[in-house]
Amino acid sequence: MQTGFARFIGCLDSYLDLLDGFTIIGETQINIYGSVILENGAIMCATNRYHNKVWFSDIAISMDSEESNDYILDKGLCYGQALLLAEVLTDPPLNLALIQCYRVYTWCRSHSTPI
15 MQTGFARFIG CLDSYLDLLD GFTIIGETQI NIYGSVILEN GAIMCATNRY
65 HNKVWFSDIA ISMDSEESND YILDKGLCYG QALLLAEVLT DPPLNLALIQ
115 CYRVYTWCRS HSTPI
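Oh and the sequence shown: position 92 is 106 in our numbering, straight run, nothing missing.
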């Protein structure tokens, strides 16, 4: 787990370098959440201990049309699962979700196998 977070910090630092307005100077607190309530009232979970069971929310992501050629999409959507929910206490705060995308298959009706 410590190795994973060491890599997370390095990746977060690289990601913040791409953004304007987010700078980490010195020590910064990072909160990791098992679940969050979204603005629309939906609950997103990323935990392996919810009533002794894992609960990683499945999500659909509406992709930017300019980036649509970079992904395999289903009617403009990419599907994935939330693996980590975090808040970086920068100024302004940065809310992050680490998402593992699913591979989208197209099913042929005459066959029961993906194309």
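Backbone N, C-alpha and C fix where the C-beta goes; we use that ideal spot for every residue, glycine too.
- Counting along the chain, the unbroken beta strand (DSSP E) around residue 61 starts and ends at 57 to 64.
- The continuous beta strand (DSSP E) containing residue 108 extends over residues 108 to 115.
- Of the candidates 53, 46, 116, 112, the residue whose Cα lies closest to the Cα of residue 91 is 116.
- Taking the CA atoms as reference points, residue 57 sits about 30 Å from residue 83.
- Per DSSP, residue 34 lies in no beta strand (DSSP E) segment and is marked neither H nor E.
- Of the other Cβ atoms in all chains shown, 16 or more fall within 10 Å of the Cβ of residue 99; this residue is therefore buried.
- Boundaries of the beta strand (DSSP E) around residue 76: 72 to 76.
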